[in-house]
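A short worksheet on the structure shown next.
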Amino acid sequence: MHKEHYIHQKFLIETSASDINISDFDLGTIDDRNIPYFSEEYNLFDCDSYIRRINLSDFDTQIDTEDEFNALIQKIKPLDCLYIKNDRKNVNNPIFQSFSNQNLQAILKKIADRHIVCKVYKSLTR
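Start counting the sequence shown at 31; every next residue gets the next number (the working numbering).
This is how it looks when you write it as structure tokens:
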């Protein structure tokens with residue numbers, strides 16, 4: 031009997047994102063204390079600019095399937111800009127770094143394809 035094996039985030043692994051240049055989305059290091067987390071509701075302070083942030087590790091821990099990714103997209107669609115905090119550890123393993131960069135490229139591609147503005151940054155505040 032043939033069994034299919036579950037592959038974590040297979041839909042991201044299969045995404046062709048070689049046309050995405052991470053540096054086009056990179057803000058460098060910023061202070062993110064005044065950027066609300068993406069799960070916070072729209073409020074009075076959002077009238078000028080509706081922005082939220084999400085940790086890159088949240089994609090790793092909360093999203094396994096394309097349906098889960100699409101559900102997240104529905105939540106962030108109304109935003110003027112989504113800030114993605116690159117909170118992944120810096121590891122000197124070139125295989126991990128390559129995978130991490132390809133994964134980030136795929137996430138950016140899927141978000142950009144839905145015409146959602148996003149930026150990637152490192153936080154001053156950790």
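A virtual CB, placed ideally from N, CA and C, is assigned to each residue, including glycine. Everything numeric in this text was worked out from a predicted model, so none of it was measured.
Return yes when the Cβ of residue j is within less than 8 Å of the Cβ of residue i, no when it is not.
i: Leu86; j: Arg118; result: yes
i: Gln39; j: Ile93; result: yes
i: Val150; j: Ile84; result: no
i: Ser158; j: Lys115; result: Only positions 31 to 156 of the chain appear in the structure, and residue 158 is not among them; the question remains open.
i: Arg82; j: Ile43; result: no
i: Ile65; j: Tyr113; result: yes
i: Ala136; j: Thr45; result: yes
i: Lys140; j: Phe99; result: yes
Exposed or buried, what is residue i when buried is set at 16 or more other beta-carbons lying within 10 Å of its beta-carbon?
i: Arg144; result: exposed
i: Thr59; result: exposed
i: Gln127; result: exposed
i: Phe129; result: exposed
For residue i, which of helix, strand or coil comes out of DSSP?
i: Thr91; result: helix
i: Ile43; result: helix
Who are the Cβ neighbours of residue i in its own chain at under 7 Å, not counting the five residues just before and after it?
i: Asn133; result: Leu42
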